[in-house]
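Inspection log for the structure reproduced underneath, given as structure tokens.
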Amino acid sequence: MSSQLLVFSDLDGSLLDHFSYRWDAAADALQRLQSAGIPLILASSKTRAEMAPLQQALGVAHYPMIVENGAAVVVPAGTFSTPLENAVPCSAGQEVRFAPPRSRWLATLAALKTDFPDEFAGFDDLGVDGIQAATGLDAGGAALAACREFSEPVQWLGTPARREAFVAALQAAGARVQQGGRFLTVAGQCDKGLALRYLRAAYQREAPDQPVHDLAIGDSGNDVPMLEVAESALLVRSPTHDFPALARRSGLRRSTGLGPAGWSEGVLAWLRDYQITEGD
Ligand SMILES: [Mg+2]
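Counting in our numbering, the sequence shown runs from 723 upward without gaps.
Right, here's the structure in full:
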């Protein structure tokens, strides 16, 4: 191949069905990426512990992954022959961190207990049983979700007005606070777009003469930074919410199918742009 193609994909609601977490509907496109040797780099707000088994099951554990919403990139040993900037060793090989550790936010939250007593509960307060009750995850899933390294989901128990004051106090302490379906996630100033740019540069250094063409795939707000910086972007249609707004106008596809069906449709269309079709 005369160019290096890369796919960066969100999991929940994109490659994984919003309700069932299945990816069968994307099997065709996954197979096509695999046979063409195109790296599929998972990029999720999930923890490394949650993502590793999914990466294995999808057959992409030999590629890097982006964990906890861009807080770190995990790079398997042997991925690159050229040295990685700012990398530190980890069990998989190397990792690059873009955000402070979770302990920093646990300390910030502990200090806020004085001003906001009984008004919030983080994963650390809830424990695995509490996380299970709050999320509907099974015990195993809750245990993996509890293995956080860079961020802390917090359940707000107080009034909306007090919530605003709480978020402002966290922001004043340097946190980025994102509202999800059930939790406020407290984390550093990282995003999936910064992590994508880092990995794209690493692949480019590896083969300086081959142009890198990347596709970012996502369905919601925390995917926007990577959808904006990739050369091509695929918005996957959600059964529960509208497409997030993007500033870009070119190089953008919106799927008609939902979740993994839309993922497959968009990836196959992108591959056709590079003349990668069935049988290649
Ligand atoms: Mg998603």
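Built from N, CA and C at the ideal position, the CB exists for glycine as well.
- From Arg919 to Leu993, what does the alpha carbon distance come to, in whole angstroms? 21 angstroms
- Query: Would the beta-carbon of Gly735 be found less than 7 angstroms away from any heavy atom of ligand 1?
  - Reply: yes
- Leu859: first and last residue of the uninterrupted beta strand (DSSP E) it sits in: Premise fails: Leu859 is in no beta strand (DSSP E) and is neither H nor E.
- Item | Alpha-carbon to alpha-carbon, Leu906 and Gln900 | 6 angstroms
- Closer than 7 angstroms by C-beta to Leu727: which residues in its own chain qualify, once you throw out the five before and the five after it? Chain order, please. Ile760, His935, Tyr996
- Taking Val729 as the reference, give the member of Thr999, Thr804, Val989 with the closest Cα. Val989
- Task: Assuming Glu841 and Arg884 form a contact by the criterion Cβ under 8 angstroms, report the distance between their Cβ atoms to the nearest whole angstrom.
- Result: 6 angstroms
- Message: Rounded to whole angstroms, what is the Cα-Cα separation between Arg819 and Phe838?
- Response: 30 angstroms
- Query: Taking 7 angstroms as the cut-off, is the CB of Asp941 close to at least one heavy atom of ligand 1?
  - Reply: yes
- Message: Run through the DSSP bridge pairs and tell me what Thr907 is partnered with.
- Response: Pro875, Gln900
- Query: Can Arg770 and Ile998 be called in contact, C-beta distance under 8 angstroms?
  - Reply: no
- Would you mind reading off the limits of the beta strand (DSSP E) that contains Leu780? Where Leu780 is concerned, there is no enclosing beta strand (DSSP E), given that its DSSP letter is neither H nor E.
- Message: Considering Cα atoms alone, identify which of Ala909, Val782, Arg970, Gly902 is closest to Ala894.
- Response: Ala909
- Item | CB of His740 within 8 angstroms of CB of Pro933, strictly | no
- Query: Under a Cβ-count criterion, where at least 16 other Cβ atoms within 10 Å of its own Cβ denotes burial, should Arg959 be classed as buried or exposed?
  - Reply: buried
- Query: Using DSSP with H/G/I as helix, E/B as strand and the rest coil, what is Gln726?
  - Reply: strand
- Item | Contact test: Asp840 Cβ vs ligand 1 heavy atom, cutoff 7 angstroms | no
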